[in-house]
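Below: one structure, written as structure tokens.
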Amino acid sequence: MDQKTQPAGAGAAAGTGAAAGAGAAAAAASHAAAAAAAAAAQPDYLRVATAPRSHVAPPRFFEEDPVIWLVQLDLFFSQAAVDDELSRFRIAATLLPGHLLRDFTDILRNPPLDRPYTILSDAIRQRFGKSLLVALLVATSRINGDGSLPPGDADGPPYPLPRVSSDDCLLAMRRCRRPVQPSWCGLLLMTCLLAGDVHPNPGPSCDVTILTQNVQSINNKLGDLRQSAVELEKFSLVAWTETWLGDAVASSELEAALPGHELFRRDRVGRAGGGVSCFARRSLCPERRKELEPEGAEMLVLAVQTVPPLLLAVCYCPPDSAAELTATMAGLTDLVRSAAGGPVVAVGDFNVPDVAWAADGAGGGGGAVPVLTRRSRRAVELLDGCHLAGLVQHVYQPTRGANFLDLTLSNDQNIVAEVRDGIFSSDHKEMVCQLSTVRGPIPTVSRSSALNYKRADWAGLRAALQLAPWSMLDGLPVDDATEVLYDLLSAAIRDYIPLVQFKRRQPPWFDQELRAALREERRRLGRIDADGFNLLLANTDWSSVFRAQHTADKWEAHRQIFLGQLDTVAPVTRAQQRAKGSISVVK
């Protein structure tokens with residue numbers, strides 16, 4: 001009995017479980033269908049927002065360059081298949097930071113019915129447009145009438161390429177009004193721009209030319225220096241080794257020959273000979289970096305205001321001292337490390353005749369190839385130091401006889417160097433190298449204080465100068481004595497002549513001449529109605545100010561407009577003053 005009923009109960013349980021499983025499967029299928037229907041009913045921007053983590057995420061807003069962020073956003077829309085203009089508009093509006101929403105309030109509150117995302121992106125490009133990115137798109141673009149890719153770009157990305165809006169700058173450069181499609185090469189260049197190590201607006205480019213020669217004493221070549229001043233003025237930097245200078249020759253005597261350059265020198269101390277110096281063009285704002293000059297080596301380090309700053313090292317290694325060559329190469333290694341990726345150029349006489357340099361036959365621009373003619377300690381020190389510092393050599397021709405003594409080392413492989421007969425008579429030829437950099441901003445000096453001579457204590461100043469220890473100037477070199485003299489005078493002036501701080505209340509173009517004209521106009525007209533004068537200025541044609549390209553020209557245009565309007569202001573009578581009450585006047 002039990003053996004017969006047990007299989008029946010098991011079969012019933014199995015049937016019940018199968019029915020329950022079928023019901024669960026049907027419920028799951030119904031739930032999945034409902035979820036799929038709900039997902040299909042969602043707009044594109046909600047489907048993207050609720051996508052799994054593995055799905056591509058929209059890019060965050062790029063504060064430094066919103067135009068680059070728009071390029072990333074277009075790539076995201078292509079990958080996520082968001083084709084609806086309204087969905088793109090809502091996603092872009094969600095990603096915009098709060099402090100920028102007020103800039104696009106009219107568009108965000110009342111979205112345009114036709115192409116809302118295109119209008120918003122054009123407004124962002126117009127508000128934060130960068131000329132370099134536009135020029136990059138233009139330079140690397142291919143124009144087709146139908147907007148398709150050219151045959152050469154068949155190996156491009158698998159996703160559709162983003163369209164570029166036709167803004168005025170791009171159309172002016174292309175002189176056409178056809179759609180622009182960036183090529184695959186252009187997207188690669190934009191990827192390099194997005195890497196973060198390329199400045200989007202680097203500034204104007206400039207070529208820095210460096211002249212180097214072992215002059216073997218400049219003392220007997222002062223006449224040649226004055227005669228060759230016109231030729232030397234053409235170079236940005238003029239570096240000399242073995243200057244043999246000392247306290248007997250003042251720097252001002254050498255600077256008189258090249259007034260547009262500033263002289264930096266490091267003379268040998270303790271024994272005759274040696275020494276390095278460099279003339280640097282003043283417009284490059286050169287600065288000596290003594291903290292980067294190693295002890296035990298004849299090395300002069302200058303920093304030139306380019307973007308990034310250029311570090312120049314002028315080196316001289318005596319042929320009878322291997323220790324100085326070791327110290328020089330160690331100093332160059334530290335110099336490259338302190339430059340943090342910036343350009344470093346080392347020029348000078350290294351006195352290593354055991355290494356010859358041949359041009360790279362591959363033509364890859366990797367600098368000269370060293371050829372070891374004889375294994376020596378100096379040759380090993382030079383090659384190991386260059387390898388450790390990451391420096392390449394750019395001189396392919398011998399500079400003294402058949403020996404490569406004067407070298408040009410740099411971490412930039414694009415430097416062009418040549419060897420030619422020197423301006424000064426020497427058994428060393430001169431080297432001329434050229435590198436392309438970006439000119440840095442020239443620092444402006446604003447004068448905020450001045451000496452108040454009206455409140456000066458002249459009696460105390462005379463007494464202080466009479467009691468000054470002038471005897472300490474006896475026996476000092478000319479440069480040191482001049483520096484001590486200036487220090488004594490500056491200390492006395494600071495003690496007995498007070499400083500007055502300037503408070504600028506007027507714009508920079510409101511100079512002394514304009515103040516005098518305004519005072520004369522006050523005396524002629526009496527009181528000037530400020531409201532009428534401001535209304536007159538508001539209706540003035542300012543096109544001359546807008547057309548001016550330089551700041552000084554803009555200031556001059558402001559002055560001329562202001563002076564011209566002074567003659568058209570009518571005086572205010574006392575009756576008008578009483579009728580108007582307290583009026584404001586131009587002060």
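For the sequence shown, UniProt numbering begins at 1 and goes up steadily by one. Virtual Cβ for every residue (Gly too), placed ideally from N, Cα, C.
If the criterion is Cβ atoms closer than 8 Å, does the pair residue i and residue j meet it?
i              : j              : result
leucine 300    : proline 343    : no
tryptophan 240 : glycine 273    : no
leucine 405    : aspartate 479  : no
leucine 302    : arginine 288   : yes
leucine 325    : glutamate 242  : no
serine 448     : glutamine 501  : yes
glutamate 233  : leucine 258    : yes
aspartate 207  : glutamine 434  : yes
valine 438     : valine 307     : yes
asparagine 452 : isoleucine 497 : yes
tryptophan 357 : alanine 339    : no
arginine 378   : valine 352     : yes
valine 347     : threonine 209  : no
leucine 75     : alanine 92     : no
In this structure, what does DSSP give as the bridge partners for residue i?
i              : result
histidine 261  : Arg281
tryptophan 357 : Pro370
asparagine 403 : Arg400
arginine 266   : Val276
glycine 331    : DSSP lists no partner for glycine 331.
isoleucine 210 : Leu237 and Cys433
arginine 420   : Glu430
Output the boundary residues of the beta strand (DSSP E) element that contains residue i.
i             : result
threonine 408 : 406-410
cysteine 386  : Careful: cysteine 386 lies outside any beta strand (DSSP E), inside the alpha helix (DSSP H) at 377-389.
tyrosine 453  : Looking at the DSSP string, tyrosine 453 is not in any beta strand (DSSP E), and its letter there is neither H nor E.
glutamate 293 : Note, glutamate 293: premise wrong, no beta strand (DSSP E); not H, not E.
threonine 241 : 237-241
valine 215    : Neither: valine 215 is in no beta strand (DSSP E) and is coded neither H nor E.
leucine 310   : 310-316
threonine 437 : 430-438
alanine 303   : 298-304
From residue i to residue j, what distance separates their C-alpha atoms?
i                : j             : result
alanine 468      : leucine 488   : 8 Å
valine 104       : alanine 516   : As written in the sequence, residue 104 is phenylalanine, which differs from the valine given in the question. The straight-line gap from Cα to Cα measures roughly 46 Å.
leucine 211      : valine 238    : 5 Å
isoleucine 119   : leucine 292   : 54 Å
threonine 328    : glutamate 430 : 21 Å
lysine 402       : leucine 332   : Lysine is not the amino acid found at residue 402; the sequence shown has alanine there. Alanine 402 and leucine 332: Cα-Cα distance of roughly 26 Å.
histidine 55     : glutamine 79  : Confidence is the limiting factor: at histidine 55 the pLDDT is only 48, short of 50, which leaves the residue's position unreliable and the question unanswerable from this model.
histidine 387    : valine 276    : 25 Å
phenylalanine 61 : valine 71     : 11 Å
threonine 408    : arginine 337  : 18 Å
alanine 330      : arginine 375  : 20 Å
arginine 127     : aspartate 84  : 24 Å
isoleucine 583   : glutamate 520 : Note that isoleucine 583 scores a pLDDT of 39, beneath 50, so its modelled location is shaky; the value from the coordinates is reported in the next line. In a straight line, the C-alpha of isoleucine 583 is about 20 Å away from that of glutamate 520.
proline 370      : arginine 265  : 31 Å
glycine 246      : leucine 222   : 14 Å
glutamate 556    : leucine 518   : 16 Å
aspartate 354    : isoleucine 68 : 52 Å
alanine 250      : histidine 428 : 25 Å
leucine 113      : alanine 123   : 16 Å
glutamate 418    : glutamine 397 : 8 Å
Can you say whether residue i is buried or exposed, counting buried as having 16 or more other CB atoms within 10 angstroms of its CB?
i             : result
serine 410    : buried
aspartate 384 : exposed
alanine 81    : exposed
proline 477   : exposed
aspartate 495 : exposed
glutamine 393 : buried
arginine 88   : buried
arginine 125  : buried
alanine 12    : Here alanine 12 scores only 44 on pLDDT, less than 50, and its place in the model should not be relied on; the value that follows carries that caveat. Exposed: under 16 other Cβ atoms inside 10 Å.
threonine 94  : exposed
serine 236    : buried
alanine 313   : buried
alanine 8     : Confidence at alanine 8 is low in this model, with a pLDDT of 43, below 50, so its placement is unreliable and the value that follows should be read with caution. So alanine 8 counts as exposed.
arginine 90   : buried
serine 121    : buried
alanine 389   : buried
Starting from residue i and walking both ways along the alpha helix (DSSP H), at which residues does that stretch end?
i             : result
aspartate 224 : 222-227
glutamine 79  : 66-80
arginine 90   : 85-95
glutamate 253 : 251-255
aspartate 349 : No alpha helix (DSSP H) contains aspartate 349, which is instead part of the beta strand (DSSP E) from 344-349.
leucine 489   : 478-496
Please determine whether the Cβ atom of residue i lies at a distance below 7 Å from any heavy atom of the ligand PLP.
i            : result
aspartate 74 : In the structure shown, the ligand PLP is absent, as is every other ligand, since no ligand is present at all.
Does residue i come within less than 8 Å of chain B when only Cβ atoms are used?
i            : result
arginine 289 : Within the model displayed, chain B is absent; a lone protein chain is all it includes.
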